[in-house]
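To keep things clear, I will list the structure first and then write my remarks on it.
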Amino acid sequence: MRKLLVAFGVVAVGVGASACSSTPSATSTTSSVTHPRASTTSLPAVPVTGSSNTATQAMKAALRHGGSRPSLHYVSTSIGNGLTTTIVGDVYQTSGTQTIVVSYQGVKATMDIELVGHAAYFRGDAAAIEVLINLTARQSSAAAGQWVSVVPADSVYESTAAALTVGSVMSELALSPPISGERTAIDGGRSVVEISGAWVGEGITAKDHATAELEVTKGAASLPVAFNGVMPATASASRFAEKLLVSKWGEAVHVVPPASSVPLATILKSTTTTTQPVVV
134 MRKLLVAFGV VAVGVGASAC SSTPSATSTT SSVTHPRAST TSLPAVPVTG SSNTATQAMK
194 AALRHGGSRP SLHYVSTSIG NGLTTTIVGD VYQTSGTQTI VVSYQGVKAT MDIELVGHAA
254 YFRGDAAAIE VLINLTARQS SAAAGQWVSV VPADSVYEST AAALTVGSVM SELALSPPIS
314 GERTAIDGGR SVVEISGAWV GEGITAKDHA TAELEVTKGA ASLPVAFNGV MPATASASRF
374 AEKLLVSKWG EAVHVVPPAS SVPLATILKS TTTTTQPVVV
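Going by this note's numbering, the first residue of the sequence shown is number 134, and it counts up by one from there.
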């Protein structure tokens, strides 16, 4: 997800500079596959104090409990360098949907991605495809505006399918050392524990000195409910902040392949330039 934020920041700048509008966001289709709610096992509560060890245990327990849930809904909002990025996702253990919208100076770039089992699908404007899917400008133009299917054999499969399962979302919430338990707070009428730590991941390194707070519910089976990260401003970049909210644990997630799609391999083949031998 952090990789998406960085990638789409570049997309938005390009789109804003060229004053081009993006492909409209996809409308979710009704699924023929319903993932039922799964029962969860209550684990012993992990106490949180000011120590790094207990705070780390509390974070790991919450992420472990969250990772065992069948599904979840998340909304991520980030602001930095004049960009506002919103990512909305509904994910299951092996499937999920995600819509990403970047706003820059009144212009929007949009990308929709789905994962159904071992097949991923994306649809977006050419600029978004070029940066996120890592296709060439020619390939991205050919793919723009239509659903494109991606299979594990494709080199871009892993990056396309990222952050579309419960486990991958949990990995995005993990804090890096030093980790400490801060305090108990009330968020949305519920009691939560705030855990602080460093923020490191794809697109953000230790040199950025980013920090974050993870809010987890109190109780025998704690769950992560909010992530707030901040990367301070530097001489070359403005302050960057992200807030990610997790909710609807165990919701019924409906994901089906688009009604029609074009295999990525077909697009790559049609846009490959071949050199013909000179006939004498």
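The beta-carbon is built from N, C-alpha and C at its ideal position, and this holds for glycine as well. None of these values were measured; they are calculated from a predicted model.
Any idea what DSSP makes of Gln272, helix, strand or coil?
Residue 272 sits at position 139 when you count from the first residue of the sequence shown. In this structure, Gln272 counts as helix in the three-state DSSP scheme.
So Thr344 and Val358 are supposed to be a Cβ contact under 8 Å. How far apart are they, rounded?
Start at 1 with the first residue of the sequence shown, and residue 344 comes out as number 211. Start at 1 with the first residue of the sequence shown, and residue 358 comes out as number 225. No, Thr344 and Val358 are not in contact; Cβ-Cβ is about 19 Å, not under 8 Å.
If His206 sits next to Asp223, beta carbons under 8 Å apart, how far is it from one beta carbon to the other, in whole angstroms?
Your numbering for residue 206 matches position 73 in the sequence shown. Your numbering for residue 223 matches position 90 in the sequence shown. Confirmed, Cβ separation roughly 5 Å.
N-terminal and C-terminal residue of the beta strand (DSSP E) that Asn186 is part of
On the sequence shown, residue 186 is found 53 positions in, with the first residue counted as 1. Run containing Asn186: none in the beta strand (DSSP E); it sits in the alpha helix (DSSP H), 185-201.
Distance, Ile328 Cα to Ile319 Cα
Reading the sequence shown from its first residue, position 186 is the one you call residue 319. Reading the sequence shown from its first residue, position 195 is the one you call residue 328. Each residue's Cα considered, the two are about 14 Å apart.
Between Val249, Leu268, Ser273, which lies nearest to Asp258 when the distance is taken from Cα to Cα?
Reading the sequence shown from its first residue, position 125 is the one you call residue 258. When each option's Cα is compared against that of Asp258, the closest is Ser273.
Tell me the rounded alpha-carbon separation between Met244 and Val234.
If you number the sequence shown from 1, residue 244 lands on position 111. If you number the sequence shown from 1, residue 234 lands on position 101. About 7 Å.
Would you mind stating whether Gly330 and Thr187 have Cβ atoms separated by less than 8 Å?
Residue 330 sits at position 197 when you count from the first residue of the sequence shown. Residue 187 sits at position 54 when you count from the first residue of the sequence shown. No.
Quick check on DSSP: helix, strand or coil for Lys351?
The residue given as residue 351 occupies position 218 in the sequence shown. Looking at Lys351 - three-state DSSP - the assignment turns out to be coil, as it is neither helix nor strand.
Below 8 Å on the Cβ atoms is my guess for Val284 versus Ala252; work out the distance and round it to an integer in Å.
For the purposes of this step, residue 284 is taken as residue 151 along the sequence shown, with counting starting at 1. For the purposes of this step, residue 252 is taken as residue 119 along the sequence shown, with counting starting at 1. Contact flag correct, Cβ pair sits at about 6 Å.
Whole-angstrom distance between Pro390 and Met192, CA atom to CA atom
For this step, residue 192 is matched to residue 59 along the sequence shown. For this step, residue 390 is matched to residue 257 along the sequence shown. If you draw a straight line from the Cα of Met192 to the Cα of Pro390, it comes to about 35 Å.
Determine, using beta carbons only, whether Asp342 and Pro365 come nearer to each other than 8 Å.
Against the sequence shown, residue 342 aligns to sequence position 209. Against the sequence shown, residue 365 aligns to sequence position 232. In the sequence as displayed, the identity of residue 342 is His instead of Asp. Cβ distance < 8 Å, so His342 and Pro365 count as in contact.
Between Ser288, Lys376, Tyr237, Ser185, which has its C-alpha nearest Glu305's C-alpha?
Counted from its first residue, the sequence shown places residue 305 at position 172. If we check each option's Cα against that of Glu305, Lys376 comes out closest.
In three-state terms, what does DSSP make of Val166?
Looking up residue 166 in the sequence shown gives position 33. Low local confidence applies: a pLDDT of 31 at Val166 is under 50, so the model's placement there is unreliable, and no value is given.
Would you grab the beta carbon distance between Ser355 and Ala194 for me? Rounded to a whole angstrom, and I think it's under 8 Å.
The residue given as residue 355 occupies position 222 in the sequence shown. The residue given as residue 194 occupies position 61 in the sequence shown. Going by Cβ atoms, the distance from Ser355 to Ala194 rounds to 6 Å, so yes, they are a contact pair.
Kindly identify the DSSP beta-bridge partner or partners of Thr219.
Residue numbering aside, residue 219 sits at position 86 when the sequence shown is read from its first letter. The partner list for Thr219 (beta bridge, DSSP) reads Thr210, Val234.
Is the CB-CB distance between Arg202 and Gly336 below 8 Å?
Within the sequence shown, residue 202 is the residue found at index 69, counting from 1. Within the sequence shown, residue 336 is the residue found at index 203, counting from 1. No, they are not a contact pair.
Unbroken stretches of the beta strand (DSSP E), 3 residues or longer, contained in the region 341-405
344-350, 357-364, 373-380
Please report the residue range of the alpha helix (DSSP H) in which Val302 lies.
Position 169 of the sequence shown, counted from the first residue, corresponds to residue 302. Segment 299-305, the alpha helix (DSSP H) holding Val302.
Thr243, enclosing alpha helix (DSSP H) - first and last residue:
Taking the sequence shown and counting its residues from 1, the one referred to as residue 243 is at position 110. Here Thr243 belongs to no alpha helix (DSSP H); instead the beta strand (DSSP E) covers 240-249.
Kindly indicate which three-state DSSP category Val264 falls into: helix, strand or coil?
To locate residue 264, count along the sequence shown from 1; it is residue 131. Looking at Val264 - three-state DSSP - the assignment turns out to be helix.
Please report the straight-line C-alpha distance between Ala171 and Val349, rounded to a whole angstrom.
Here residue 171 refers to the residue found at position 38 of the sequence shown. Here residue 349 refers to the residue found at position 216 of the sequence shown. A caution first: Ala171 carries a pLDDT of 33, below 50, which makes its placement in the model too unreliable to give a value.
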